[in-house]
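**Q**
Protein chains: 2
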Amino acid sequence: MATLASIKNNCRKVICIGRNYADHVKELNNQRPKQPFFFLKPPSSILLPSEGSVLRPKGVNLHFEIELGLVIGKTVRDLNENDEWQSAIEQYVLAIDMTGRNVQEEAKKKGLPWSIAKGYDTFLPLSGPISREKITDPHGIELYLKVNGEVKQEDNTELMLFRIPRQLSDISKVMTLEKGDIILTGTPKGVGPVVTGDVMEAGIRIGGKEVEEAKMRVE
Amino acid sequence: MATLASIKNNCRKVICIGRNYADHVKELNNQRPKQPFFFLKPPSSILLPSEGSVLRPKGVNLHFEIELGLVIGKTVRDLNENDEWQSAIEQYVLAIDMTGRNVQEEAKKKGLPWSIAKGYDTFLPLSGPISREKITDPHGIELYLKVNGEVKQEDNTELMLFRIPRQLSDISKVMTLEKGDIILTGTPKGVGPVVTGDVMEAGIRIGGKEVEEAKMRVE
Ligand SMILES: [Mg+2]
Ligand SMILES: [Mg+2]
Ligand SMILES: [Mg+2]
Numbered sequence: 002m003a004t005l006a007s008i009k010n011n012c013r014k015v016i017c018i019g020r021n022y023a024d025h026v027k028e029l030n031n032q033r034p035k036q037p038f039f040f041l042k043p044p045s046s047i048l049l050p051s052e053g054s055v056l057r058p059k060g061v062n063l064h065f066e067i068e069l070g071l072v073i074g075k076t077v078r079d080l081n082e083n084d085e086w087q088s089a090i091e092q093y094v095l096a097i098d099m100t101g102r103n104v105q106e107e108a109k110k111k112g113l114p115w116s117i118a119k120g121y122d123t124f125l126p127l128s129g130p131i132s133r134e135k136i137t138d139p140h141g142i143e144l145y146l147k148v149n150g151e152v153k154q155e156d157n158t159e160l161m162l163f164r165i166p167r168q169l170s171d172i173s174k175v176m177t178l179e180k181g182d183i184i185l186t187g188t189p190k191g192v193g194p195v196v197t198g199d200v201m202e203a204g205i206r207i208g209g210k211e212v213e214e215a216k217m218r219v220e
Numbered sequence: 002m003a004t005l006a007s008i009k010n011n012c013r014k015v016i017c018i019g020r021n022y023a024d025h026v027k028e029l030n031n032q033r034p035k036q037p038f039f040f041l042k043p044p045s046s047i048l049l050p051s052e053g054s055v056l057r058p059k060g061v062n063l064h065f066e067i068e069l070g071l072v073i074g075k076t077v078r079d080l081n082e083n084d085e086w087q088s089a090i091e092q093y094v095l096a097i098d099m100t101g102r103n104v105q106e107e108a109k110k111k112g113l114p115w116s117i118a119k120g121y122d123t124f125l126p127l128s129g130p131i132s133r134e135k136i137t138d139p140h141g142i143e144l145y146l147k148v149n150g151e152v153k154q155e156d157n158t159e160l161m162l163f164r165i166p167r168q169l170s171d172i173s174k175v176m177t178l179e180k181g182d183i184i185l186t187g188t189p190k191g192v193g194p195v196v197t198g199d200v201m202e203a204g205i206r207i208g209g210k211e212v213e214e215a216k217m218r219v220e
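Just so you know, the protein sequences line up as chains B and R, in that order.
Here this note's numbering is used: the first residue of the first sequence is 2, the next is one more, and so on.
Here this note's numbering is used: the first residue of the second sequence is 2, the next is one more, and so on.
1) Spatial neighbours of Ile73 (chain R) within its chain, please: C-beta separation below 8 angstroms, excluding the five flanking residues on both sides.
2) Please go through the segment 14-82 of chain R and give each complete alpha helix (DSSP H) segment of 4 or more residues, from N-terminal end onward.
3) Out of B:Glu143, B:Asp171 and B:Thr197, which one is the CA nearest neighbour of Phe40 (chain B)?
4) Helix, strand or coil for Pro139 (chain R) per DSSP?
5) From the beta carbon of Ala6 (chain B), is the nearest beta carbon of chain R less than 9 angstroms away?
6) Across which residues does DSSP place Thr100 (chain R) in a beta bridge pair?
7) Quick one: residues in its chain with C-beta nearer than 7 angstroms to the C-beta of Thr100 (chain B), no 5 flanking neighbours on either side, listed in chain order?
8) Is the segment 143-150 of chain B close to the segment 188-202 of chain B, with three or more CB pairs under 8 angstroms?
9) Is there contact between the segment 76-84 of chain R and the segment 186-194 of chain R, where contact requires at least three CB pairs shorter than 8 angstroms?
10) How far does the alpha helix (DSSP H) with Lys153 (chain R) in it reach, from first residue to last?
11) Confirm the yes/no value for this check: CB of Leu113 (chain B), any heavy atom of ligand 1, distance under 8 angstroms.
12) So the candidates are B:Gly19, B:Phe38 and B:Leu127; which of them puts its Cα closest to the Cα of Pro44 (chain B)?
13) Measuring only from the beta carbon, is Leu185 (chain B) closer than 8 angstroms to any heavy atom that is part of ligand 1?
14) Could one say the Cβ of Glu179 (chain B) lies closer than 9 angstroms to chain R's Cβ atoms, at least one of them?
15) Looking at the secondary structure, which residues open and close the alpha helix (DSSP H) in which Ala6 (chain B) lies?
16) Who does Val219 (chain B) pair with in a DSSP beta bridge?
17) If we count the other Cβ atoms within 10 Å of its Cβ and call it buried at 16 or more, is Ser132 (chain B) buried or exposed?
18) Give me the residue from B:Met176, B:Val219, B:Glu211 and B:Pro194 with the minimum Cα distance to Asn62 (chain B).
19) Would the beta-carbon of Glu66 (chain R) be found less than 8 angstroms away from any heavy atom of ligand 3?
20) Distance check for Val94 (chain R) and Glu52 (chain R), CA to CA, integer angstroms please.
21) If you follow the alpha helix (DSSP H) that Leu160 (chain B) is in, where does it begin and where does it stop?
22) Per the contact definition of three or more C-beta pairs closer than 8 angstroms, is the segment 11-24 of chain B in contact with the segment 154-163 of chain B?
23) Under the criterion of a Cβ to heavy atom distance below 8 angstroms, does Thr177 (chain B) qualify as lining ligand 3?
24) Alpha helix (DSSP H) containing Leu169 (chain B): first to last residue?
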């Protein structure tokens, strides 16, 4: 299994699905998408557990979004939704899609790209790698995120509006997926702000049981 | 000097400056930006001269944008506009920022990211690498692009609204630049559609003289 450092080194693009949980769409007053849409974060935004804290740029309202991440294991192009898709995934990671919410809202209003709001250094903390054997059904796991001990996000991936094969299909019809690419599958409801000094703890539970590799603690 | 194949292999992000020539801002009825903004194209969109044609996805109004590209040679973080910046650039490339204009216009209207409009496979044709010795002043070269022999774009990089040190500064304060990253510095006026079968020819002139390495021909 690839180490986390090699995941960072080998990553050439991070593709993030937007608005993939109905209650999260509502909480930000967004339109529910008719098809998956996605955006890119740069690999330079990845923050490994050993690399310290998320940095809040001056004037930025920093929001957390807990998401299940897929690490791609091979070249994938034009996948169909009903094709075998499991073998495209080499392993999983838990990820926090840190977002400059005020920067994003201004971009949305002006019709500008989201890349700055999503792309600052340290805006993509990752957990340790999680093997496919641990996550036999990625559509049936619970993601959670706490801030200073208080639960903020806690939902099951069964609530995804577009499931992983549909995501892989739609993305790979636009851009070829390459070994090492990371896909973030969207965030459930409960996103909110953090400030310097806050501690985010996040993880995955399967059938109520904590997955040790997925445990994250980020300041 | 790095070969073009190694430029593609080593590229981990492509950062594109938007609206950086006044007449191009006007032709698309856009607002002139108060500061540089930028978006990402995935490395998977790079098309080398040996790799065939730009592919127009079904239903997409495909536009060309000729741009001077910078290939980054070292890690750059928090550069100031007045710092020495030339050494950050390892070499230059000429690039066409292919854009799904209707996809982008719809994204702009809905406040959605530009990543799909900009990120399809083959949407980033590159010329051969051009050494720094050839381009002693990147703010004083002429870019041109012809379609089927007819000149569509032809302007000098002296018209950039934000010059390269400002671009490097603004980008590197958001995301760390890494060796191999590519920056597209914006397109002059004259962008327009191409259809399957059209031939784009592009190049750079310095003092009226063609730079051989920059010559491109893409179908
Ligand atoms: Mg997200
Ligand atoms: Mg974008
Ligand atoms: Mg452009």
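Just so it is clear, CB atoms sit at the ideal spot from N, CA and C, and this is done for glycine as well.
None of the values given here were measured: they were computed from a predicted structure.
**A** For this structure:
1) The count along the second sequence starts at 1 and reaches residue 73 (chain R) at position 72. Result list for Ile73 (chain R): Ala89, Ile90, Glu91, Leu178, Glu179, Lys180, Gly181, Asp182, Ile183 and Ile184, in chain order.
2) You should have 23-28.
3) Position 39 of the first sequence, counting from 1, holds the residue named residue 40 (chain B). For Phe40 (chain B), the closest alpha carbon among the candidates B:Glu143, B:Asp171 and B:Thr197 is that of B:Asp171.
4) For this step, residue 139 (chain R) is matched to residue 138 along the second sequence. Of the three classes helix, strand and coil, the one that applies to Pro139 (chain R) here is coil, per DSSP.
5) Translated into the one-based positions of the first sequence, residue 6 (chain B) becomes position 5. No, Ala6 (chain B) lies away from the interface with chain R (no Cβ there is under 9 angstroms from its Cβ).
6) Within the second sequence, numbered from 1, the residue matching residue 100 (chain R) stands at position 99. Under DSSP, Thr100 (chain R) forms a beta bridge with R:His64.
7) The residue labelled residue 100 (chain B) in the question sits at position 99 within the first sequence. Apart from the 5 residues on each side of it in sequence, Thr100 (chain B) sits with its Cβ closer than 7 angstroms to the Cβ of His64, Glu66, Ala118 and Lys119 in its chain, given in chain order.
8) Yes, since at least three Cβ pairs between the segment 143-150 of chain B and the segment 188-202 of chain B fall closer than 8 angstroms, the two stretches touch.
9) No, the segment 76-84 of chain R does not touch the segment 186-194 of chain R.
10) Locating residue 153 (chain R) in the second sequence gives position 152, counting from the first residue. Element bounds for Lys153 (chain R): not the alpha helix (DSSP H) but the beta strand (DSSP E), Glu151 to Asn157.
11) Mapped onto the first sequence, residue 113 (chain B) falls at position 112. Leu113 (chain B) Cβ: outside cutoff for every heavy atom of ligand 1.
12) Here residue 44 (chain B) refers to the residue found at position 43 when the first sequence is read from its first residue. When only C-alpha atoms are compared, the closest one is B:Leu127.
13) In the first sequence, counting from the first residue as 1, residue 185 (chain B) sits at position 184. At least one heavy atom of ligand 1 falls within 8 angstroms of the beta-carbon of Leu185 (chain B).
14) By one-based count along the first sequence, residue 179 (chain B) stands at place 178. Yes, Glu179 (chain B) lies at the interface with chain R (some Cβ there is under 9 angstroms from its Cβ).
15) Translated into positions along the first sequence, residue 6 (chain B) becomes position 5. It spans Leu5 to Asn11 - the alpha helix (DSSP H) in which Ala6 (chain B) sits, taken as one unbroken run.
16) Indexing the first sequence from 1 puts residue 219 (chain B) at position 218. In DSSP, Val219 (chain B) forms a bridge with B:Met201.
17) As a working mapping, residue 132 (chain B) is identified with position 131 in the first sequence. The residue is exposed, with fewer than 16 neighbouring Cβ atoms inside 10 Å.
18) Within the first sequence, numbered from 1, the residue matching residue 62 (chain B) stands at position 61. Of B:Met176, B:Val219, B:Glu211 and B:Pro194, the residue nearest in Cα terms is B:Pro194.
19) In the second sequence, residue 66 (chain R) corresponds to position 65, counting from 1. Yes; taking the cut-off as 8 angstroms, the Cβ of Glu66 (chain R) has a heavy atom of ligand 3 nearer than that.
20) Residue mapping note: residue 52 (chain R) aligns to position 51 of the second sequence, counting from 1. Residue mapping note: residue 94 (chain R) aligns to position 93 of the second sequence, counting from 1. Approximately 16 angstroms between the Cα atoms of the pair.
21) The residue you call residue 160 (chain B) lines up with position 159 of the first sequence. It is not in any alpha helix (DSSP H) - Leu160 (chain B) carries neither H nor E in the DSSP assignment.
22) Yes, they touch.
23) Position 176 of the first sequence, counted from the first residue, corresponds to residue 177 (chain B). Checking the Cβ of Thr177 (chain B) against ligand 3 gives no.
24) Locating residue 169 (chain B) in the first sequence gives position 168, counting from the first residue. Ile165 to Ser173 is the span of the alpha helix (DSSP H), which, as asked, contains Leu169 (chain B).
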